[in-house]
Structures are given as C-alpha cells and as structure tokens.
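In mature numbering (1 follows the signal peptide of the UniProt record, and there is no 0), the protein residues as written are -26 to -1, 1 to 81.
Take a look at the structure:
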C-alpha cells in the first residue's frame, strides 16, 4: 500500500520541475508564448530555459513577466458519527502559492 503512495509523490515532484508553454497572440498581433514556471521548486530560470528550447538559435525577446506569491491558509475540522466510534479531527495547512508567467516571442 505504501509503494503506490510513494510512487505518486515522486511523480508529482518530478512533474513540478517542468515549465509548460502555450502559444498566444500578443498585443501587436504577433505570435508569442506564455511560459508557466509556477511552483515552489521552480524559478524564472526554468521559464527562460523553456523559451530557449522553443525558439532555438533564433533567440527570443521577453515581452512581459508576471508573478505573485499568495499566502495560503486552509483549516478545517469536524466530527462524524460512526457506528463503531465517534470520530473527529482538525487539520491545518499553510504555505504560499507561487505563480510565474513569462511572455516571450521568437526573434
């Protein structure tokens, strides 16, 4: 039972290391790319690396950069009636959600 759990956790951590991109049309009508490198294990260097992969030897221009760190705090609790025993609990989770987007276009 623990092996599938650890496999899922390892997969999630590995997926966190990859920047994603999608094609967009920029304000001047040219084609550009929105590169997302959000998450605690990434930074803008991942976005720049992805831009280099997309544009290759032509190079790229950074059109815009957006990012935010939003505090996250979630708490919950409750009590449930169970035929065998009464159960209850409380959980709390806090941290920060980090978003990063880089808008680029190839030269």
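Note that beta-carbon positions come from the ideal geometry of N, C-alpha and C, so glycine has one too.
What's the gap between the Cα of residue 77 and the Cα of residue 24? In the chain shown, residue 77 corresponds to position 103, counting from 1. In the chain shown, residue 24 corresponds to position 50, counting from 1. Residue 77 and residue 24: Cα-Cα distance of roughly 11 Å.
Distance CB(residue 70)-CB(residue 45) smaller than 8 Å: The residue given as residue 70 occupies position 96 in the chain shown. The residue given as residue 45 occupies position 71 in the chain shown. With contacts defined as CB atoms closer than 8 Å, residue 70 and residue 45 qualify as a contacting pair.
If we ignore side chains and look at the alpha-carbon of each, how far apart do residue 31 and residue 81 end up? For the purposes of this step, residue 31 is taken as residue 57 along the chain shown, with counting starting at 1. For the purposes of this step, residue 81 is taken as residue 107 along the chain shown, with counting starting at 1. The alpha-carbon atoms of residue 31 and residue 81 are separated by roughly 9 Å.
Quick test of your reading: residue -9 and residue 9, contact by CB under 8 Å. State the CB separation rounded to the nearest angstrom. Start at 1 with the first residue of the chain shown, and residue -9 comes out as number 18. Start at 1 with the first residue of the chain shown, and residue 9 comes out as number 35. Not confirmed; about 11 Å, so no contact.
Starting from residue 81, trace the alpha helix (DSSP H) both ways and give me its first and last residue. Counting from one through the chain shown, the residue named residue 81 turns up at place 107. Taken as a continuous stretch (DSSP letters only), residue 81 belongs to no alpha helix (DSSP H), as it is neither H nor E.
Sorted by chain position, which residues of the same chain lie with C-beta nearer than 7 Å to residue 35's C-beta, five sequence neighbours on each side aside? Against the chain shown, residue 35 aligns to sequence position 61. Same-chain partners within the cutoff: 78, 79, 81.
For residue 12, collect the residues of the same chain with a Cβ closer than 7 Å to its Cβ; drop the 5 residues on either side in sequence, then sort them by chain order. Within the chain shown, the letter at position 38 stands for residue 12. Only 72, 73, 74 meet the Cβ criterion.
So the candidates are 2, -2, 6; which of them puts its Cα closest to the Cα of residue 33? In the chain shown, counting from the first residue as 1, residue 33 sits at position 59. Answer by Cα proximity: 6.
Look at the Cβ atom of residue -5, then the Cβ atom of residue 28, and state whether they are nearer than 8 Å. Here residue -5 corresponds to residue number 22 of the chain shown, with the count starting at 1. Here residue 28 corresponds to residue number 54 of the chain shown, with the count starting at 1. Not in contact: residue -5 and residue 28 (Cβ atoms no closer than 8 Å).
In angstroms with no decimal places, state the Cα-to-Cα distance between residue -1 and residue 41. Residue numbering aside, residue -1 sits at position 26 when the chain shown is read from its first letter. Residue numbering aside, residue 41 sits at position 67 when the chain shown is read from its first letter. Computed Cα separation, rounded: 18 Å.
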